[in-house]
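What follows is a short report on a single structure.
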Amino acid sequence: MSSYTVINPATEEVVTDVELFDVEGTDDAIARAADAQKAWARRAPAERAQALRDFAAAVDANVEALARLETLNSGHPIGQARWEAGHVRDVLTYYSAAPERLFGKQIPVAGGLDVTFHEPLGVVGVITPWNFPMTIAAWGFAPALAAGNAVVLKPAEWTPLTSVRLAEIGRESGLPDGLFQVLPGHGNVVGERFVTNRTVRKVVFTGSTAVGKKIMAGSAEQVKRVTLELGGKSANIVFADSDLERAAASAPSGVFDNAGQDCCARSRILVERSVYDRFMELLEPAVNRVVVGDPNDEATEMGPLVSAKHHASVSSYVPDDSQVAFRGSAPQGPGYWFPPTVLTPGRDDRTATEEIFGPVVTVLPFDDEADAVSLANATEYGLSGSIWTRDVGRALRVSRGVEAGNLSVNSHSSVRYSTPFGGFKQSGLGRELGPDAPLSFTDTKNVFIAVEELS
Ligand code: NAD
């Protein structure tokens, strides 16, 4: 077995070594999951619901410890990490209602009774990225377990620790052995094996669009089901009739939360030309107010980038001679720090078109509503976005016009466990969260029962 050395991104200190699964170990884990799944699916719905509630309670008892671990591994500010751990509990609680509510249909037909069942798929493989290790894991494993499946989960190489701990907490809370396993490993070893192993019936992948395309192509071989949650380059559209003070004050949180390492980051701010100068005047102090520093400090709003490699990638978009409109602050010394950075490039510049996945935002002026929608849509991505206006008609027109899966008007909220989440175009395929998520871990079976007529 090979291993991976986890580094604390705020200090560059070694945290621990994690053993990585190879193909053989992955196959063994998948076989154990298949055995566990059969027994799990046979359990009474109320028993499966109780097991998920027990898991949620165990996560609740571990919120602080999980949050501390995420801060150590990923550099997330402690307040944010607590929210993430609490969110795992909430997602489990929400989907603990599902086993007893996976209703089929009774469909009127001639000659008998027709009913549908939502059958579990079997073993589901979940592959997660490094930016939100706990929450994204839960969006896959909670509804999949609720629908009667077993789950094998591969966390990103850089950030395996909280996922490993969540699987332990699941076992401690009474989940059957083998039902939910976390397999640290390389994408091209463990991740690819989820795609090629025939016992895995669905792959839920969150990560880059490039790898998502490979997973989709590989899954076609077995007509394996996929859910893909991929990249984004979302627009924050600010109209002249909006509450400009609020729009400017909240714009930094819309893009710099999690140091911009957020698929939903509103990394393009589009501002109506008539208020562009005023908006920039308001944005500068808002960017300067972002508290960047030690993730263990309760006041910190933004931590470091996740790794040296990712720091180099983000830095490549802002070389020393680039024209920066203004920048916030960042600590000096060890750690992969990058200050909140505001650019004002042309519409075709790569900083305005590519996903940077760091605390870098581009601000672009637009002429009118039609121009704003067309600029917002001038990307292969379509994940999220925000619209700032006081005109209700315009808010609705633009919401319907922007090709993205998760929009918010006069706010930057995108993720609630009770509402569907996912991308248009090359930002993804399928939806996670919301009331219907368990159904995407099932296949519908139709059964017709002939009923003889009494003569
Ligand atoms: P990535 O695609 O490099 O890796 C994601 C996961 O896939 C990791 O676990 C990795 O080990 C694995 N992987 C890599 N190669 C693989 C292969 N050939 N087969 C199977 N698995 C493989 O992405 P990342 O850098 O970890 O994450 C950042 C990306 O994730 C960004 O593009 C971001 O927008 C996207 N993201 C999307 C969402 C969403 O919900 N839409 C959420 C978070 C992140």
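Residue numbers for the sequence shown follow this note's numbering, so the first one is 1345 and each next one is one higher. Every residue gets a Cβ at the ideal spot worked out from N, C-alpha and C, and that includes glycine.
- [ ] From the DSSP output, in three-state form, read off tyrosine 1438 for me.
- [x] helix
- [ ] Any chance you could list the alpha helix (DSSP H) runs of at least 4 consecutive residues sitting entirely within the region 1630-1692, in chain order?
- [x] 1652-1659
Task: Member of Leu1505, Ser1743, Leu1773 and Leu1519 whose CA lies at the smallest distance from the CA of tyrosine 1348 - done: Leu1505
Task: Simplified DSSP assignment, three categories, for alanine 1511 - done: helix
Open item on the list: Considering only the alpha carbon of each residue, which of Leu1446, Phe1623, Gly1529 and Arg1738 lies closest to alanine 1716?
Closed with: Arg1738
Task: Cα-Cα separation, serine 1728 to valine 1795 - done: 50 Å
Open item on the list: Any heavy atom of the ligand NAD closer than 6 Å to the beta-carbon of asparagine 1417?
Closed with: no
TODO: For valine 1495, count neighbouring Cβ atoms within 10 angstroms of its own Cβ and tell me buried if that reaches 16, exposed if not.
DONE: buried
- [ ] Determine the closest residue to isoleucine 1471 out of Gly1455, Tyr1439 and Val1534, with distance taken between C-alpha atoms.
- [x] Val1534
Open item on the list: Using CA atoms only, rank isn't needed, just tell me which of Phe1365, Arg1397, Cys1607 and Trp1483 is closest to arginine 1775.
Closed with: Trp1483
Open item on the list: If we require 3 or more residues per run, which beta strand (DSSP E) segments fall completely within the region 1455-1511?
Closed with: 1456-1464, 1467-1471 and 1494-1498
- [ ] Indicate whether glycine 1419 and glycine 1677 have their beta-carbon atoms separated by less than 7 Å.
- [x] no
TODO: Would you check whether the ligand NAD has a heavy atom nearer than 6 Å to the C-beta of proline 1779?
DONE: no
Task: Length at least 3, wholly inside the region 1736-1783: the beta strand (DSSP E) runs in chain order - done: 1750-1753
- [ ] Please find out if some non-hydrogen atom of the ligand NAD comes closer than 6 Å to the beta-carbon of isoleucine 1351.
- [x] no
TODO: Take the Cβ of alanine 1592 as the centre, count every other Cβ of all protein chains shown within 10 Å, and call the residue buried at 16 or more, exposed below.
DONE: buried
Open item on the list: Nearest by alpha-carbon distance to valine 1791: which of Val1453, Ile1422, Val1362 and Arg1445 is it?
Closed with: Val1453
Open item on the list: Short of 6 Å in beta carbon distance, which residues of its chain neighbour phenylalanine 1549, apart from the five on each side in sequence? Order them along the chain.
Closed with: Ile1471, Gly1556, Ile1559 and Leu1572
Open item on the list: Would you say the beta carbon of asparagine 1750 is closer than 6 Å to some non-hydrogen atom of the ligand NAD?
Closed with: no
Open item on the list: When you measure from the CB of alanine 1442 to every non-hydrogen atom of the ligand NAD, does any distance come out below 6 Å?
Closed with: no
TODO: Enumerate, from N- to C-terminal direction, the unbroken alpha helix (DSSP H) stretches of 4 or more residues contained entirely within the region 1580-1608.
DONE: 1588-1600
Task: Local Cβ density within 10 Å of threonine 1706, reported as buried at 16 or more and exposed below that - done: buried
Task: beta-carbon isoleucine 1374 near the ligand NAD non-hydrogen atom, thresh 6 Å - done: no
Task: Assumed close pair leucine 1614, alanine 1656 - CB separation to whole angstroms, cut-off 8 Å - done: Wrong, their Cβ atoms sit about 29 Å apart, outside the cutoff.
Task: serine 1517, buried or exposed, once every other Cβ within 10 Å from all chains shown has been counted against 16 - done: buried
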